[in-house]
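Numbering (this note's numbering), first residue to last: 1227 to 1548.
Even for Gly, the Cβ is constructed at its ideal location relative to N, Cα and C.
Structure, as structure tokens:
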Amino acid sequence: MNTITTLKKIGGILLLVFIHAPLFGQHIDSMVVKPSPLIGVNDTVKIFVYNTFSSGGCAGNAHFSKSGFNVMAQALHCQGALTVICTDIDTIVLDPPHALGQYRFSFVLNSGFGGPPCTPGIVPNDFDTTYFTVGTNNAPTISPIENDTTCKNRSLGPLAFTVGDEDINSLVIHAYSDNQALIANSGINLSGTGTNRDVTLTPSANQLGKANITIVVDDNLNQRDSTVFEVYVVDCPLGTVTSTRAKIEIYPNPTSGDLVINLGKIHPKVELSLTNTEGREVKKWSFTQVEAIPLSIREESGMYMLTVSTDQGAFVYRLVLE
């Protein structure tokens, strides 16, 4: 705001009168740095300074100097004599390359009266400072999730996975299924915070089949990563538990057809059932007093479910025939 000083004589008394004239005020409204929020070393940086002037014309020029991580800019505007409010934008352009780090940008707004060229006032009209960062934006990461199997009408999970990024708290994670009839997107539940995350899948009622589940991690800066895994929903015998924690080993898996089932100890009775992904049983075996079972399976290549039933319960495993 400018102050006008006048001398006025009233009744023989000389008065010194100060008149505040807001119509001559000018100020910085805001400063915007682009691109945002992260600037790369090879990006062209543009800083837009939005000003408001209370008298017309607004012709002016701006220049800047750069020293290390400090950028100092000035603008001089010749406001003319019109008493109308106008706005103007000063644009400072910083060409690449830039060093990595945080920069301090300072802007001084000066104005003068009359047409160009004009002389700035003794005191700057306004001053402001902002900061911006030049850095690198590496894509986030997500760990793979192994293919898995669950029984009809039974949830699967939580399945653990990890994510990584420079700013772990800014990540957005979403998931979707390619078989909505089997596992709808609404049946995918993501949980966890920070690096450690989990996903739990709930198949649709009474449905069998296969779904590819895709989990995407996005850093909100146009960088993302994803992982895809297969989920099989099968028709398990009553009482079957889908578990990899039982001390049962099946190797090799995938297999060309010849494999060994190591039960970890001798069981008095063992029953095996091989079903395809449609839930149809294609093979069945029964053994007594065994610890290791050699098998020779001659079926079409593909994915199968092998149910191992012992005195400790029934367990289903995914078996790949090549």
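*Burial state of R1423 (16 or more Cβ within 10 Å)*: On the sequence shown, position 197 is the one that residue 1423 refers to. Label assigned to R1423: buried.
_Coarse secondary structure for G1413, derived from DSSP in three states_ = Indexing the sequence shown from 1 puts residue 1413 at position 187. Residue state, collapsed to three classes: helix.
*Grab the span of the beta strand (DSSP E) containing A1301 for me, first residue to last.*
In the sequence shown, residue 1301 corresponds to position 75, counting from 1. That run of the beta strand (DSSP E) goes N1296 to C1304.
*According to DSSP, which residues form a beta bridge with L1382?*
In the sequence shown, counting from the first residue as 1, residue 1382 sits at position 156. Note: L1382 sits in a beta bridge opposite L1427.
*asked:* Taking 8 Å as the cut-off, does the region 1440-1458 touch the region 1354-1367 (at least 3 CB pairs, one atom from each stretch)?
replied: yes
*To the nearest angstrom, how far is it from the Cα of A1437 to the Cα of K1378?*
Here residue 1437 is taken as the residue at index 211 of the sequence shown, counted from 1. Here residue 1378 is taken as the residue at index 152 of the sequence shown, counted from 1. Looking at the two C-alpha atoms, the distance is approximately 13 Å.
*Per DSSP, what kind of secondary structure is I1394 in: helix, strand or coil?*
The sequence position of residue 1394 within the sequence shown is 168, counting from 1. Helix, per DSSP.
_Can you list, in chain order, the residues of its chain with a C-beta nearer than 6 Å to that of P1480? Leave out the 5 residues immediately preceding and following it._
Residue 1480 sits at position 254 when you count from the first residue of the sequence shown. Closer than 6 Å at the Cβ level, and outside the excluded window around P1480, lie V1546 and E1548.
*How far does the beta strand (DSSP E) with A1437 in it reach, from first residue to last?*
The sequence position of residue 1437 within the sequence shown is 211, counting from 1. Taken as a continuous stretch (DSSP letters only), the beta strand (DSSP E) holding A1437 covers G1435 to D1444.
*Please name the residue, chosen from A1518, N1415, Q1433 and P1384, that lies closest to N1405 on a Cα-to-Cα basis.*
Taking the sequence shown and counting its residues from 1, the one referred to as residue 1405 is at position 179. Closest by alpha carbon: Q1433.
*asked:* Within 10 Å of its beta-carbon, does P1248 have 16 or more other beta-carbons around it, so buried, or fewer, so exposed?
replied: Start at 1 with the first residue of the sequence shown, and residue 1248 comes out as number 22. Legend: pLDDT at P1248 = 39, less than 50; position of this residue unreliable, no value from coordinates given.
*Give the straight-line distance between the Cα atoms of I1476 and T1503, rounded to the nearest whole angstrom.*
Walking along the sequence shown from the start, residue 1476 turns up at place 250. Walking along the sequence shown from the start, residue 1503 turns up at place 277. Answer to the nearest angstrom: the Cα atoms are 19 Å apart.
*Please look up how many angstroms separate the CB atoms of D1537 and K1495, rounded, as I've assumed it's under 8 Å.*
Your numbering for residue 1537 matches position 311 in the sequence shown. Your numbering for residue 1495 matches position 269 in the sequence shown. Indeed, because the Cβ distance is near 7 Å, the residues count as touching under 8 Å.
*Over the uninterrupted beta strand (DSSP E) stretch that includes K1272, give me the two end residues.*
Counted from its first residue, the sequence shown places residue 1272 at position 46. V1271 to F1279 is the span of the beta strand (DSSP E), which, as asked, contains K1272.
_Classify T1470: buried if its beta carbon has 16 or more other beta carbons within 10 angstroms, exposed otherwise._
Position 244 of the sequence shown, counted from the first residue, corresponds to residue 1470. Confidence at T1470 is low in this model, with a pLDDT of 48, below 50, so the placement of that residue should be treated as unreliable; the coordinate-derived value is given next. By the neighbour-count definition (other C-beta atoms within 10 Å, threshold 16), T1470 is an exposed residue.
*Check whether the Cβ atoms of G1483 and R1544 lie closer than 7 Å to each other.*
Counting from 1 along the sequence shown, the entry for residue 1483 is found at position 257. Counting from 1 along the sequence shown, the entry for residue 1544 is found at position 318. No; because the gap between Cβ atoms is not below 7 Å, this pair is not in contact.
*Find the nearest neighbour of D1352 within the set V1334, T1362 and T1359, judged by alpha-carbon distance.*
On the sequence shown, residue 1352 is found 126 positions in, with the first residue counted as 1. For the residues V1334, T1362 and T1359, the minimum Cα distance to D1352 belongs to V1334.
*Straight-line gap, T1428 to L1416 (C-alpha atoms, nearest Å)*: For the purposes of this step, residue 1428 is taken as residue 202 along the sequence shown, with counting starting at 1. For the purposes of this step, residue 1416 is taken as residue 190 along the sequence shown, with counting starting at 1. Roughly 12 Å between the two C-alpha positions.
*Looking at T1440 and V1459, is the spacing between their C-beta atoms short of 7 Å?*
As a position in the sequence shown, residue 1459 is number 233, starting the count at 1. As a position in the sequence shown, residue 1440 is number 214, starting the count at 1. For V1459 and T1440, no; Cβs fall outside 7 Å.
*Counted within 10 angstroms of its Cβ, other Cβ atoms place I1273 as buried (16 or more) or exposed*: In the sequence shown, residue 1273 corresponds to position 47, counting from 1. By the 10 Å Cβ count, I1273 comes out buried.
_Quick check on the DSSP output: the beta strand (DSSP E) that includes V1460 runs from which residue to which?_
By one-based count along the sequence shown, residue 1460 stands at place 234. Per DSSP, V1460 belongs to the beta strand (DSSP E) from R1450 to V1460.
*Residue ranges of each alpha helix (DSSP H) within the region 1489-1536, 4 or longer*: none
*Use the C-beta contact count for L1326: other C-beta atoms within 10 angstroms, 16 or more gives buried, fewer gives exposed.*
In the sequence shown, residue 1326 corresponds to position 100, counting from 1. The residue in question, L1326, is exposed, as its Cβ has fewer than 16 Cβ neighbours within 10 Å.
*Which residues in the same chain have their Cβ closer than 8 Å to the Cβ of G1413, if we skip the five residues on either side of it in sequence?*
Here residue 1413 refers to the residue found at position 187 when the sequence shown is read from its first residue. Correct list, in chain order: S1403, L1427, T1428, P1429 and S1430.
_Outcome for H1303 when other beta-carbon atoms lying within 10 angstroms are tallied against a minimum of 16_ = Position 77 of the sequence shown, counted from the first residue, corresponds to residue 1303. Buried.
*Would you identify the three-state DSSP class for G1474, choosing helix, strand or coil?*
Along the sequence shown, one-based indexing puts residue 1474 at 248. The residue you asked about is not Gly; residue 1474 is Ile in the sequence shown. Three-state result, I1474: coil.
_Coil, strand or helix - T1375 by DSSP_ = If you number the sequence shown from 1, residue 1375 lands on position 149. Residue state, collapsed to three classes: strand.
_Buried or exposed by the 16-neighbour rule on C-beta atoms within 10 Å, applied to I1394_ = Sequence index remark: in the sequence shown, residue 1394 carries index 168 (1-based). Exposed, because fewer than 16 other Cβ atoms sit within 10 Å of the Cβ of I1394.
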